[in-house]
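What follows is a set of notes on a single structure, which appears directly below.
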Amino acid sequence: MDRVRAAAGATRRALPFLLRGLVSSVVALVLLIRVLLVAVFTLIGVGWLAIPSTVRAVRRWARGERRRVANFTGRPVPSPYDPSDDAPAVPARVLLAEPATRRDLGWMLFHALTGLVIGVVALLLPLSVVNAAVVPIYWSAMPEDDPVQSPYPVTSWLDALGMLPLGLGWLVLTLVLVPLLARWQAGLAGLLLRPTKDARLTERVTELTATRAAALEAHGAELRRIERDLHDGTQNRLVGVIMHLGIAERALRREPESALPLLLKAQNQAADALSELRDVVRSIYPPILAERGLDGALAALAARCPVPCTLRAAGLRRLPAALEAAAYFVVAEALTNTAKHSGAEHAEVTVALRPPTGPDEEEALVIQVRDDGHGGAAESGGSGLAGIRRRVAAFDGRTEVTSPVGGPTVVEAVIPCGS
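Residue 419 is where the sequence shown ends in the UniProt record's numbering, and the numbering goes up by one at each step.
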């Protein structure tokens, strides 16, 4: 019984997928005719102007196919194209030189030829089941000279009841064949429509090159900030301490009673210098992370936030120190933005470890900061969002900011734990 229910569930998922494939195969057939016409006119020298729009039409169709396959399988089918390739100024030779364009055309040709047949089969099988089930109801209403022909003439109750086991056979065939056809079509589409291994490696190298450049820039900016803080703050305080101690030394030789105020000033400046030095150290790696771990440090951040804040970060294990520091500063900057710019009445921080979702994925730390403010957050204007993005990119992570006017604002950062 469990197998029957599982087969029925698989058929319910597969049937809409194949029927949408039937529609997309008709579109593919129309596009195929367009491609052939453009190719013919190009051979006689008048079709070049139509190539870019035709290639983009094929890509839009392929994009829809990727969504269709992803919705059925539950696994995204990544696009092999650079978004800049869709710009109107991209020449035809660049569009045609893309290996993915040829793979899209290959799937379009194959789907135009097979998708129509598969879709019709997927449509007729359940209709045959329904027809076999209702023939005993309506056969007697048919004229004697034009009986039901499904698949044999039904002229008696015995013939009509004989349709029931036939319908059962159609049902078994539907439960077996429809999911099988859907898996086959989705597998082949995913194979042709996703980037090749070489393309993925090239894209990965490009991403890592950009990430390395961003990490170096962020590292340089951090070093400049530390140098500026030490130079403008702590160093000036220490210079003041030395000056007051020197003056106090001379005062002790001439007027010992006047040296006490100078020593007190030197002591106060030394205390201020120590406090500023601690702030600089804390900005590099907060000591609370070493003492209480990431969840404890985030709890302290949430407690200090001027906006009432709820934290959900239970069950976090210890992570690499650099990753914990990045997560801490991401939350700190996001909560600072909330307090300064959002006008929110409540904020919520969620931090969790996400297990790998596929063979090419790795465990990741997902950080989400949400507030109920007025929204409209932008990375310009000193909001700190650009800094969050750079910090996360240094770990090969990604940052998404959703902030429609009227709110809510959601900042989500995903940092791979293997970074």
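Ideal Cβ placement from N, Cα and C applies to all residues, glycine included. Given the structure is predicted, the values throughout are model-derived calculations rather than measurements.
I'd like the list of long-range same chain contacts for residue i, defined as Cβ closer than 6 Å, with 5 residues on each side in sequence excluded.
{"i": "Leu-319", "result": "none"}
{"i": "Phe-72", "result": "Phe-17 and Ala-186"}
{"i": "Thr-350", "result": "Arg-312 and Gln-368"}
{"i": "Arg-68", "result": "Arg-20"}
{"i": "Gly-190", "result": "Val-69 and Val-77"}
{"i": "Val-411", "result": "Ala-334, Val-369 and Val-401"}
{"i": "Leu-245", "result": "Ala-266"}
{"i": "Ala-133", "result": "Gly-167"}
Suppose you measure from the CA of residue i to the CA of residue j; what does that come to, to the nearest Å?
{"i": "Thr-101", "j": "Val-55", "result": "8 Å"}
{"i": "Gly-407", "j": "Val-401", "result": "12 Å"}
{"i": "Trp-48", "j": "Thr-42", "result": "6 Å"}
{"i": "Asp-372", "j": "Pro-355", "result": "29 Å"}
{"i": "Gly-375", "j": "Met-108", "result": "42 Å"}
{"i": "Pro-404", "j": "Ala-377", "result": "8 Å"}
{"i": "Asn-337", "j": "Ala-326", "result": "16 Å"}
{"i": "Val-130", "j": "Leu-32", "result": "35 Å"}
{"i": "Leu-274", "j": "Ala-266", "result": "12 Å"}
{"i": "residue 421", "j": "Glu-348", "result": "Lying outside 1 to 419, the shown extent of the chain, residue 421 is not represented and no answer is given."}
{"i": "Pro-195", "j": "Asp-2", "result": "37 Å"}
{"i": "Glu-363", "j": "Ala-352", "result": "10 Å"}
{"i": "Gly-45", "j": "Trp-61", "result": "26 Å"}
{"i": "Val-239", "j": "His-341", "result": "37 Å"}
{"i": "Val-4", "j": "Ala-10", "result": "10 Å"}
{"i": "Leu-298", "j": "Arg-317", "result": "13 Å"}
{"i": "Pro-136", "j": "Pro-179", "result": "29 Å"}
{"i": "Gly-343", "j": "Ile-242", "result": "45 Å"}
{"i": "Ala-50", "j": "Ser-128", "result": "44 Å"}
{"i": "Arg-224", "j": "Ala-322", "result": "19 Å"}
{"i": "Ala-303", "j": "Glu-361", "result": "34 Å"}
{"i": "Arg-228", "j": "Gly-384", "result": "19 Å"}
What do you reckon, are the CB atoms on residue i and residue j nearer than 8 Å?
{"i": "Val-307", "j": "Ala-270", "result": "no"}
{"i": "Ile-415", "j": "Gly-397", "result": "yes"}
{"i": "Cys-417", "j": "Leu-365", "result": "yes"}
{"i": "Ile-367", "j": "Ala-413", "result": "yes"}
{"i": "Leu-193", "j": "Arg-66", "result": "yes"}
{"i": "Ile-118", "j": "Leu-181", "result": "yes"}
{"i": "Leu-175", "j": "Ala-7", "result": "yes"}
{"i": "Leu-22", "j": "Val-172", "result": "no"}
{"i": "Ser-24", "j": "Gly-115", "result": "yes"}
Identify which residue in the options has its Cα closest to the Cα of residue i.
{"i": "His-111", "options": "Asn-71, Gly-169 and Val-26", "result": "Val-26"}
{"i": "Leu-18", "options": "Asn-131, Arg-389 and Leu-177", "result": "Leu-177"}
{"i": "Val-369", "options": "Val-77, Leu-124 and Leu-311", "result": "Leu-311"}
{"i": "Cys-309", "options": "Arg-250, Gln-267 and Glu-345", "result": "Glu-345"}
{"i": "Gly-74", "options": "Arg-60, Arg-183 and Val-58", "result": "Arg-183"}
{"i": "Arg-12", "options": "Leu-123, Arg-304 and Ala-299", "result": "Leu-123"}
{"i": "Pro-52", "options": "Ala-39, Gly-64, Arg-63 and Leu-180", "result": "Ala-39"}
{"i": "Arg-103", "options": "Phe-329, Arg-304 and Arg-63", "result": "Arg-63"}
{"i": "Ala-14", "options": "Ala-57, Ser-79 and Leu-125", "result": "Leu-125"}
{"i": "Val-392", "options": "Glu-361, His-341 and Val-330", "result": "Val-330"}
{"i": "Tyr-328", "options": "Glu-361, Pro-286 and Ser-342", "result": "Pro-286"}
{"i": "Leu-294", "options": "Asp-272, Asn-268, Glu-324 and Ala-303", "result": "Glu-324"}
{"i": "Asp-272", "options": "Leu-168, Pro-179 and Asn-236", "result": "Asn-236"}
{"i": "Gly-106", "options": "Ala-290, Thr-399, Leu-188 and Gly-343", "result": "Leu-188"}
Sorted by chain position, which residues of the same chain lie with C-beta nearer than 7 Å to residue i's C-beta, five sequence neighbours on each side aside?
{"i": "Leu-263", "result": "Ala-248"}
{"i": "Ser-258", "result": "Ala-251"}
{"i": "Leu-301", "result": "Val-331, Ala-332 and Leu-335"}
Kindly indicate if chain C contains any beta-carbon less than 8 Å away from that of residue i.
{"i": "Ala-325", "result": "Among the chains in the structure shown there is no chain C, since it carries only a single protein chain."}
Identify, in the order they occur along the chain, each residue of the same chain with its Cβ nearer than 8 Å to the Cβ of residue i, setting aside the five sequence neighbours on each side.
{"i": "Gly-296", "result": "Ile-288"}
{"i": "Cys-305", "result": "Leu-335, Thr-338, Ala-339 and Ala-347"}
{"i": "Arg-253", "result": "none"}
{"i": "Ala-57", "result": "Leu-31 and Arg-34"}
With which residues is residue i paired in a DSSP beta bridge?
{"i": "Arg-398", "result": "Val-414"}
{"i": "Val-349", "result": "Leu-311 and Val-369"}
{"i": "Arg-354", "result": "Ala-364"}
{"i": "Thr-409", "result": "Asp-371"}
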